[in-house]
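*Asks:* If you read the sequence shown in UniProt numbering, its first letter stands for residue 1, the second for the next number, and so on.
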Amino acid sequence: MPVFEKDAGAPTVTDETALPVGGIEAKQTPKDVLTGSDKRVKQSGGDNGAENPRTVAMVNQDLEEVMTRTMTLEDWHNKWRRGKTKFHMSKVHPSLQKFYDRLLQGKGRARVFVPMCGKTLDLKWLSDQGHAVVGNEVVEMACRQFFEEHDLQYTSERIEGVDGTVFKATDIDLQLFNCDFYKLTSDVIGSFDCIWDRGAMAAANPEDRDKYTEVVVSLLKPTGAYLLDLFELENTVFAGPPHGITDARVDELFASKCNIEVLMRADRLGDWQRSWGLDAFWEVVRLLTPKQT
1 MPVFEKDAGA PTVTDETALP VGGIEAKQTP KDVLTGSDKR VKQSGGDNGA ENPRTVAMVN
61 QDLEEVMTRT MTLEDWHNKW RRGKTKFHMS KVHPSLQKFY DRLLQGKGRA RVFVPMCGKT
121 LDLKWLSDQG HAVVGNEVVE MACRQFFEEH DLQYTSERIE GVDGTVFKAT DIDLQLFNCD
181 FYKLTSDVIG SFDCIWDRGA MAAANPEDRD KYTEVVVSLL KPTGAYLLDL FELENTVFAG
241 PPHGITDARV DELFASKCNI EVLMRADRLG DWQRSWGLDA FWEVVRLLTP KQT
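1) How long is the line joining the alpha carbons of Val188 and Val162, rounded to whole angstroms?
2) Based on DSSP bridge pairs, tell me the residues matched to Asp229.
3) Going by DSSP in three states, Asn205 sits in which element: helix, strand or coil?
4) Per the DSSP calculation, Asp267 is bridged to which residue(s)?
5) Closest to Thr289 by CA distance: which of Leu278, Trp196, Arg249, Thr155 is it?
6) Hey, could you find the ends of the beta strand (DSSP E) Phe177 is sitting in?
7) Three or more C-beta pairs under 8 Å: does that hold for the stretch 130-138 against the stretch 236-252?
8) Can Leu123 and Leu227 be called in contact, C-beta distance under 8 Å?
9) Have a look at Met141 and Ala203 and give me their C-alpha separation to the nearest angstrom.
10) Given a cut-off of 8 Å on the beta-carbon distance, is the pair Gly164 and Arg111 in contact?
11) Decide if Arg109 is buried, meaning its Cβ has at least 16 other Cβ atoms within 10 Å, or exposed.
12) Do Ser186 and Leu219 have their C-beta atoms closer together than 8 Å?
13) Could you tell me which of Asp229, Glu261, Leu278, Asn259 sits nearest to Thr236, measuring between CA atoms?
14) Give the single residue among Glu283, Arg158, Asp208, Val92 whose Cα lies nearest to the Cα of Thr70.
15) To which residues of the same chain is Ala225 closer than 8 Å at the C-beta, ignoring the five residues directly before and after it?
16) Counting along the chain, where does the beta strand (DSSP E) carrying Glu157 start and finish?
17) How far does the beta strand (DSSP E) with Ala110 in it extend, from its first residue to its last?
18) Taking the Cβ atom as the reference point for each residue, do Leu121 and Lys98 lie within a distance shorter than 8 Å?
19) For a test of the three-state rule: what should DSSP assign to Thr213, helix, strand or coil?
20) What did DSSP end up calling Lys291 once you bin it into helix, strand or coil?
21) Pick out whichever of Met201, Val285, Pro222 has its Cα sitting closest to the Cα of Met116.
22) Give me the Cα-Cα distance between Arg265 and Trp282, rounded to the nearest whole angstrom.
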């Protein structure tokens with residue numbers, strides 16, 4: 001699953017622009033436009049002006065019309081089969097590099113988890129820093145491409161207790177768990193000093209966010225840190241992913257369990273995002289640490 005690479009027309013990571021607290025300023029939704037898959041337009045109904053609603057499809061990032069924002073596991077498999085992986089970044093994520101020290105919090109060698117990782121270059125970069133790296137990705141093709149493109153030898157075996165395969169590099173401490181993220185527990189995959197979430201929660205279906213939060217928090221050690229990269233956007237014409245999420249929703253999901261610090265808000269609106277029909281696209285990076293009981 002993805003992280004979403006910006007076009008050349010988007011600002012660089014150092015071009016940070018202040019955004020009002022709370023994220024994108026609330027805009028009143030026009031009466032003839034509703035959010036979500038049931039979005040409708042108002043049409044003239046003659047002299048009486050009655051509404052004649054018709055369902056209007058939103059677009060996804062491939063500019064295909066879709067009637068729902070829900071992505072199935074098979075949808076992700078199809079994206080990789082069809083080569084629809086523009087979301088894959090061809091470099092290490094700038095926000096990981098920028099806030100790497102904050103994520104590590106003075107730890108030396110750490111056990112680091114990257115959920116819904118695709119074949120991100122971040123995995124190898126974290127390994128090169130000396131860490132034990134574990135990724136999770138539901139698409140087997142992405143897992144195998146990662147090892148092949150980095151010229152890494154690997155073995156594979158079935159995951160005990162979960163339907164899936166774990167791929168293990170033979171020369172470095174790096175593993176990819178090829179399975180459904182929501183099936184993971186600390187008994188299956190262990191617990192982690194650091195979690196780098198580079199687009200995973202943003203790609204997860206909005207209706208699954210409570211479940212997502214439960215899984216990811218359960219995998220974080222009490223002394224761990226969770227670097228969470230999300231986006232703020234208006235999903236009125238763009239189906240996602242990525243899906244926008246507000247400060248209030250992040251607080252609702254995590255504030256009872258974690259301390260939350262906003263590290264960066266930056267304007268990431270580029271030509272690609274404009275092609276989705278968006279006029280605002282913000283990257284928001286947060287550092288979460290478990291509350292001590």
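We treat Cβ as the ideally placed atom computed from N, Cα and C, and that holds for glycine.
*Replies:* So, from the listed chains and residues:
1) Working through the sequence shown from its first residue, we reach residue 188 at position 188. Working through the sequence shown from its first residue, we reach residue 162 at position 162. Cα to Cα, Val188 sits roughly 8 Å from Val162.
2) What you label residue 229 is simply residue 229 of the sequence shown in a count that begins at 1. Arg198, Val285, per the DSSP bridge assignment.
3) Sequence index remark: in the sequence shown, residue 205 carries index 205 (1-based). Three-state DSSP puts Asn205 in coil, outside helix and strand.
4) Here residue 267 refers to the residue found at position 267 of the sequence shown. BP columns for Asp267 point to Trp282.
5) Reading the sequence shown from its first residue, position 289 is the one you call residue 289. Comparing Cα-Cα distances from Thr289 to each of Leu278, Trp196, Arg249, Thr155, the minimum goes to Trp196.
6) In the sequence shown, residue 177 corresponds to position 177, counting from 1. From DSSP, the beta strand (DSSP E) with Phe177 extends over 174-178.
7) no
8) Along the sequence shown, one-based indexing puts residue 123 at 123. Along the sequence shown, one-based indexing puts residue 227 at 227. When the beta-carbon positions are compared, Leu123 and Leu227 stay at least 8 Å from each other.
9) Sequence index remark: in the sequence shown, residue 141 carries index 141 (1-based). Sequence index remark: in the sequence shown, residue 203 carries index 203 (1-based). Rounded to the nearest angstrom, the two C-alpha atoms are 18 Å apart.
10) Translated into the one-based positions of the sequence shown, residue 164 becomes position 164. Translated into the one-based positions of the sequence shown, residue 111 becomes position 111. No, the Cβ-Cβ distance between Gly164 and Arg111 is not below 8 Å.
11) In the sequence shown, the residue the question calls residue 109 occupies position 109. Flag for Arg109 reads exposed.
12) On the sequence shown, residue 186 is found 186 positions in, with the first residue counted as 1. On the sequence shown, residue 219 is found 219 positions in, with the first residue counted as 1. Contact: yes.
13) On the sequence shown, residue 236 is found 236 positions in, with the first residue counted as 1. Checking every option, the nearest Cα to that of Thr236 belongs to Leu278.
14) Against the sequence shown, residue 70 aligns to sequence position 70. Out of Glu283, Arg158, Asp208, Val92, Asp208 has the C-alpha closest to the C-alpha of Thr70.
15) By 1-based counting over the sequence shown, the position of residue 225 is 225. Once the five neighbours on either side are set aside, the close Cβ partners of Ala225 are Arg102, Leu103, Leu104, Gln105, Asp193, Cys194, Ile195, Leu287, Leu288, Thr289.
16) As a working note, residue 157 is residue 157 in the sequence shown. Its beta strand (DSSP E) spans residues 154-158.
17) As a position in the sequence shown, residue 110 is number 110, starting the count at 1. Run containing Ala110: none; DSSP gives neither H nor E here.
18) If you number the sequence shown from 1, residue 121 lands on position 121. If you number the sequence shown from 1, residue 98 lands on position 98. The answer is no: Cβ separation not under 8 Å.
19) Stepping through the sequence shown from its first residue, residue 213 is reached at position 213. Reduced to three states, the DSSP call for Thr213 is helix.
20) The residue given as residue 291 occupies position 291 in the sequence shown. Three-state DSSP puts Lys291 in coil, outside helix and strand.
21) Here residue 116 corresponds to residue number 116 of the sequence shown, with the count starting at 1. Looking at Met201, Val285, Pro222, the one whose alpha-carbon comes closest to that of Met116 is Met201.
22) For the purposes of this step, residue 265 is taken as residue 265 along the sequence shown, with counting starting at 1. For the purposes of this step, residue 282 is taken as residue 282 along the sequence shown, with counting starting at 1. The straight-line gap from Cα to Cα measures roughly 7 Å.
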